[in-house]
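Numbered by our numbering, the letters in the sequence shown go through residues 622 to 967 in order.
A virtual CB, placed ideally from N, CA and C, is assigned to each residue, including glycine.
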Amino acid sequence: MTLGKYFQNNGEGSTKVNCVVCDSNRYTPLFHIPPRRIVTCSNCDHEYVNPIFSPKDIPECIFHSTDESSIGTQIDITYLAKIFHKYDIKERKLLDLGCGLGRLESGLIGLGWAPQSVYLMDNSERNVKVARKKYPLSTVICGDAQERIGFNDYFDCILMVEFLEHLSNPKEALKNALTALKNDGILIIRGLPNNDSLEAFIGRERWKMRQFIHHYHFFNHSTFSTFVKDFADVSVLEFGTFLQEGYHFYDVARIARNIGVVKESRGDEHTTYDDNVIMTAELTNLVLAKIESVDFEDYKHRDKLPKRQLTLQLSTEDIKNFFNTISLNQFLSPDFSVVMRKKQIK
Ligand SMILES: [Zn+2]
């Protein structure tokens, strides 16, 4: 088990890094989630893991639940279809960075992309091997996008789905992606954990996104906007929230997991930090109790939250209803997407 190695290397194989957004080396510790330390930049408020560990000391990142048929993949494809249509991205050349086992490809083919036009890239040899076997007509590249992608002005569209937050240096990967993209090409980033979200606020160090050992960066609209300002050759077309994109299974179990009420959820069975719960009603009460215990005065975006509505709704028992009736804004979205266009530098 490589995780043991990761722990052993704590303090030895670790490297202190500057803020990837503003390059400052000043920071304030935010959370200690052994063996990682999450800090916030004293200059620009960006939240990131510091120090970082060598990638070889971290267990390989494998997603078991997100295959072609999973609801997560279906939602990703629905979202991509919408963006392709909106920005008139027709079938030409597309690169899926951090493709994993190639879970998006069959959906892309379903949207009309020829397998020959789809390029996949992942840094895991194991993933690449599987993807090559599944999609022999596509080009599957094994490599680290932070080092090089190997194409110049080649792609019409590049996808980064659940990708950037997994990199110690997302700036290098974005730079290389922009080199690989044609002028006027579109870059679609999806599933960036939103540290301005209600979930992040309530969950604190138990927020699933912070717990995940493969997550290095925790952006929000504001810090991400600052992050891309360094790139003269890109313009942000839009930010999107998960909820607006049709996240239908924003249910009790998901909320409970992301705000740290349960450790694990499987079907109707949930493992909490103290015990196990089975009934949905039981779980709902735990989630409501957690939300009621939160001091919303502490919430740095309290002025923007529809607080009155929140308080009124807490008296009801149905948390699903609560999330459905509240006005959905970026603070309720556990992650967000960004669509950008590469522009020609004069
Ligand atoms: Zn900074």
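| Query | Result |
| --- | --- |
| Just checking histidine 1025 against ligand 1 - is the residue's beta carbon closer than 7 Å to any of the ligand's heavy atoms? | A question about residue 1025 goes unanswered here, because the residues of the chain that appear run from 622 up to 967. |
| Which residue from Arg878, Val849, Ile704 and Ile654 puts its Cα closest to that of alanine 798? | Val849 |
| If we count Cβ pairs, one from each stretch, closer than 8 Å, do we get three or more for the segment 878-892 versus the segment 817-834? | yes |
| Can you tell me which of Met900, Ile876, Glu890 and Asp889 puts its alpha carbon nearest to the alpha carbon of isoleucine 912? | Ile876 |
| In the DSSP assignment, find the unbroken beta strand (DSSP E) run with isoleucine 809 in it and report its ends. | 802-814 |
| According to DSSP, what are the bridge partners of phenylalanine 840? | Asn815 |
| Can you say whether lysine 963 is buried or exposed, counting buried as having 16 or more other CB atoms within 10 angstroms of its CB? | buried |
| Does at least one heavy atom of ligand 1 sit under 7 Å from the Cβ of cysteine 640? | yes |
| Tell me which residue opens and which closes the alpha helix (DSSP H) that tyrosine 708 is part of. | Careful: tyrosine 708 lies outside any alpha helix (DSSP H) and carries neither H nor E. |
| Is any beta-carbon of chain B found at less than 8 Å from that of proline 655? | Checking the listed chains, one finds no chain B in this structure; it contains a single protein chain. |
| Quick check on arginine 657: buried or exposed, where buried means 16 or more other Cβ atoms within 10 Å of its Cβ? | buried |
| Consider the C-beta atom of asparagine 671 and the heavy atoms of ligand 1; say whether any pair is separated by less than 7 Å. | no |
| Is arginine 769 helix, strand or coil by DSSP? | coil |
| Does the beta-carbon of histidine 667, which I'm using as the reference point, lie nearer than 7 Å to any heavy atom of ligand 1? | yes |
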